[in-house]
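Undergrad:
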Amino acid sequence: MKLTKLAPLFIFTVLATGCKVKNEVAQKVQTITERPNIIFIMSDDHGYQAISAYSDKLIQTPNIDRIAKEGMLFTNASVTNSICAPSRAVILTGKHSHINGKIDNLSEFDTNNVTFPQILQKAGYQTAMFGKLHFGNNPKGFDEFMILPGQGEYYNPKFISEKGDTIIRGYVTDITTDLTLDWMKNRRDPNKPFMLMYLHKAPHRAWLPTQKYYTEYTKKTFPLPETLFDGYKTRGSAAKTAEMGILKHMSLVNDNKLTPKTMKELGLTDWNDLGESLGRMSAEQRAQWDEVYGPINEDFKKRYPTMNDSTLTVWKYQRYMQDYLGTIASVDDNVGRVLDYLDEEKLADNTIVVYTSDQGFYLGEHGWFDKRFMYNESFKTPLLIKWPNKITAGTTEDEMVQNLDFAQTFLDAAGVVAPAEMQGESLIPLLTGKKETWNRDAIYYHYYEYPAEHAVKRHYGIATKEFKLIHFYYDVNEWELYDRKKDPQEINNVINDPAYATVVREMKQKLKETRKKYKDSETLDNHYIQIYKDNVGRKEL
Ligand code: SGN
Ligand code: CA
């Protein structure tokens, strides 16, 4: 164990106080130095398909990949509810949405919930949060925070802190990192462990990259996903009625960056324009933007008259990927800055670094963007963790872990007993190669935000390593079953296939038991339907 920055304090105290005290101090220093620092890095809507540690078809992310190279890559990590603020509430409380009450993006987070940062702060950790929270209120349990209001903005964003609001000029991903590094370098006591939440807005819609990367990425073309033209055969009505299709629901203006002028010239109408997002750019930033996006508009004007649904889908997909991945390139650079700092300061060995997203995202699979469904791309979330003192470098873990597990993992790492109401499990046994104690065989999922943007119907379900059972219970009463091993793309719903009759029976029984285990019920389903009805019409936080 290295004493790093504690060494001078230790030596001084020992010289000054003599032998008996010497032992006590040594013991104390040992305990303090053993407690790891924790850096929780989370981006917003970052699908695992866009991290080269998982797949290098779309982008190279060498810095994020470093976390897996120096630590562990989870191939089967998922969320309990694939939407922003609810996912964050699950992470902070270690409780499912139906227990912590934050079921959607509309209601405020109930700050009577106890969160793991509050517990760590009480246990002597320094705590700080920078970036996107999206709760509609300020976080508790942090010595310092600077968060974006609501979704936040890419250019010249506003930040909220206890001292008030500030607009910081520049690009949100760089600024969030500057704030994070500034806290680590200048406002932290090096003699105490810290827990830092470093939370990117990117790559959330409407995908505005920084100049360097929109210049680079608008020149690229990307491979088409196999299910881009999915017709949802065998799927139920939820997939068919969802409004997240690239062709029909992705905005040519807001998302694909056509100007209102181009739209008018082509006689096209659209539901949205970039209003505030582009409006926040300075004249210089806007001129640089127009230099690149102007020719894209001109080119589209020439092509549009000959386009059909299929060529327009491909054009929109390419435009989507160029901007979405462009924002990720900045996240990757900035993650590299934080990892470099840890290396330079010799903090890396005893610092747990987590990289994850608040959920996965469709990058054209099933013809979609957005998330919400329990289907693979939005249910699965990237997860990479390094902790050189404890995790063997370059390992891969395929156990089913969830965002529900973070709170207990961090408390366990800090040697603090987790409250009994927390519903996850510490990942420490998996991280430290003691897999024998891990026996989870099914995980639970429940999505609520309906009716709402993207029109994804309410559903709950369970997944085992082999199968996934989903119940769409509101508006309709439909079940779907997927064979995860034989049909990883989930295009073949086998709920009515006689060959799966036994599996359906067993999975329904397991779902019942799992709902009971996590204390979810029809009564709660109805309670949240009622609460949601009261919330509809409220603006998203
Ligand atoms: C915005 C987006 C949606 C997105 C939600 C929730 N529309 O409303 O596409 O699903 O956020 O995202 S936009 O036109 O405003 O971009 S979440 O990550 O916060 O849950
Ligand atoms: Ca999100």
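Going by numbering that gives the first Met the number 0, the letters in the sequence shown line up with residues 0 to 540, in that order. Here a beta-carbon is modelled for each residue, glycine too, at the ideal position from N, C-alpha and C. These numbers come from a predicted model, not from an experiment.
1. Between the alpha carbons of residue 520 and residue 409, how many angstroms are there, rounded?
2. Where residue 80 and residue 371 are concerned, what is the direct C-alpha to C-alpha distance, given to the nearest angstrom?
3. Under the three-state reduction of DSSP, which class applies to residue 62: helix, strand or coil?
4. Please confirm whether any heavy atom of ligand 2 lies closer than 6 Å to the CB of residue 43.
5. Pop quiz: residue 96 and residue 88 are said to be a contact at Cβ under 8 Å. What is the actual Cβ separation, rounded to whole angstroms?
6. Under 8 Å: do the region 178–196 and the region 225–234 share three or more Cβ pairs, one atom per stretch?
7. With residue 458 and residue 442 assumed to form a contact (beta carbons below 8 Å), what rounded beta-carbon distance in angstroms separates them?
8. Give me whichever residues DSSP pairs with residue 344 in a beta bridge.
9. Taking only three categories from DSSP, how would you classify residue 117?
10. Under 8 Å Cβ to Cβ from residue 431, same chain only, skipping five residues before and after it: list those, please.
11. Which two residues bound the contiguous alpha helix (DSSP H) that contains residue 147?
12. On the DSSP letters alone, give me the boundaries of the alpha helix (DSSP H) that residue 620 sits inside.
13. Looking at the secondary structure, which residues open and close the beta strand (DSSP E) in which residue 372 lies?
14. Would you check if the distance between the CB atom of residue 114 and the CB atom of residue 492 is smaller than 7 Å?
15. Under a three-way DSSP split, which group does residue 506 fall into?
16. Taking only the alpha-carbon atoms, compute the straight-line gap between residue 274 and residue 392 and give it to the nearest angstrom.
17. Measuring only from the beta carbon, is residue 103 closer than 6 Å to any heavy atom that is part of ligand 2?
18. Please state if the CB of residue 211 and the CB of residue 171 are separated by a distance shorter than 7 Å.
19. Have a look at the DSSP bridge pairing and note the partners of residue 458.
20. What three-state label does DSSP hand residue 335 in the structure shown?
21. Note the first and the last residue of the continuous beta strand (DSSP E) segment covering residue 157.
22. Are there 16 or more other CB atoms within 10 angstroms of the CB of residue 52, so buried, or fewer, so exposed?
23. Buried or exposed for residue 168, please, with buried defined as at least 16 other CB atoms from any protein chain shown within 10 angstroms of its CB.
24. Please give the ranges of any alpha helix (DSSP H) in the region 225–307, keeping only runs that are unbroken, at least 4 residues long and fully inside the region.
25. Does residue 47 come out as helix, strand or coil in the three-state DSSP assignment?
26. Give me, in chain order, the residues of the same chain whose beta-carbon lies closer than 7 Å to that of residue 250; leave out the 5 immediate sequence neighbours on both sides.
27. What are the residues that DSSP puts in a beta bridge with residue 466?
28. Along the alpha helix (DSSP H) that carries residue 407, what are the first and last residues, could you check?
29. Sort 192, 143, 473, 444 by Cα distance to residue 456 and report the nearest one.
30. Inspect the beta-carbon positions of residue 368 and residue 262 and report whether they are closer than 7 Å.
31. Can you say whether residue 69 is buried or exposed, counting buried as having 16 or more other CB atoms within 10 angstroms of its CB?
32. Since residue 145 and residue 198 should fall inside the 8 Å C-beta cutoff, what is the C-beta to C-beta distance between them, to a whole number of angstroms?
33. So what's residue 400 in DSSP terms, helix, strand or just coil?
34. According to DSSP, is residue 330 part of a helix, a strand, or is it coil?
35. Should the region 213–222 be regarded as contacting the region 286–296, the criterion being three or more beta carbon pairs within less than 8 Å?
TA: So, from the data block:
1. C-alpha separation (whole angstroms): 29 Å.
2. Distance from the CA atom of residue 80 to the CA atom of residue 371, rounded to whole angstroms, is 7 Å.
3. Three-state DSSP puts residue 62 in a helix.
4. At least one heavy atom of ligand 2 is nearer than 6 Å to the Cβ of residue 43, so yes.
5. Between residue 88 and residue 96 the Cβ distance is about 7 Å, and since that is below 8 Å, they are a contact.
6. Too few Cβ pairs lie closer than 8 Å, so no.
7. No, residue 458 and residue 442 are not in contact; Cβ-Cβ is about 14 Å, not under 8 Å.
8. DSSP, once it has assigned bridges, lists no residue as partnering residue 344.
9. Note: residue 117 maps to helix in three-state DSSP.
10. Once the five neighbours on either side are set aside, the close Cβ partners of residue 431 are 389, 390.
11. Per DSSP, residue 147 is not a residue of any alpha helix (DSSP H); the beta strand (DSSP E) it occupies stretches across 143–147.
12. Beyond the ends of the chain as shown, which are 0 and 540, falls residue 620; an answer cannot be given.
13. Per DSSP, residue 372 belongs to no beta strand (DSSP E) and is neither H nor E.
14. No. Outside cutoff.
15. In the structure shown, residue 506 sits in a helix (DSSP, three-state: H, G or I).
16. Approximately 46 Å, taken between the alpha carbons.
17. Remark: the shortest separation between the CB of residue 103 and any heavy atom of ligand 2 does not fall under 6 Å.
18. Going by C-beta atoms, residue 171 is not nearer than 7 Å to residue 211.
19. Note: residue 458 sits in a beta bridge opposite 446, 471.
20. Three-state result, residue 335: helix.
21. Looking at the DSSP string, the run of the beta strand (DSSP E) that includes residue 157 is 157–160.
22. A residue is called buried when at least 16 other Cβ atoms come within 10 angstroms of its Cβ; residue 52 meets this threshold and is buried.
23. Residue 168 comes out exposed.
24. Segments of the alpha helix (DSSP H) lying fully in the region 225–307: 236–240, 245–248, 259–265, 274–278, 282–302.
25. Residue 47: helix per DSSP, three-state reduction.
26. The answer, listed in chain order, is 269, 270, 271.
27. Under DSSP, residue 466 shares a beta bridge with 482.
28. For residue 407, the uninterrupted alpha helix (DSSP H) run begins and ends at 405–412, by DSSP.
29. The shortest C-alpha separation from residue 456 is found at 473.
30. If you check the CB distance, residue 368 and residue 262 do not come in under 7 Å.
31. Within 10 angstroms of the beta-carbon of residue 69 lie 16 or more other beta-carbons, which makes it buried.
32. Their Cβ separation, rounded to whole angstroms, is 11 Å, which puts residue 145 and residue 198 out of contact at 8 Å.
33. DSSP places residue 400 within a strand segment (E or B) once states are collapsed to three.
34. Three-state DSSP puts residue 330 in a helix.
35. Two segments are said to touch when three or more pairs of C-beta atoms, one from each, lie closer than 8 Å; by this definition the region 213–222 touches the region 286–296.
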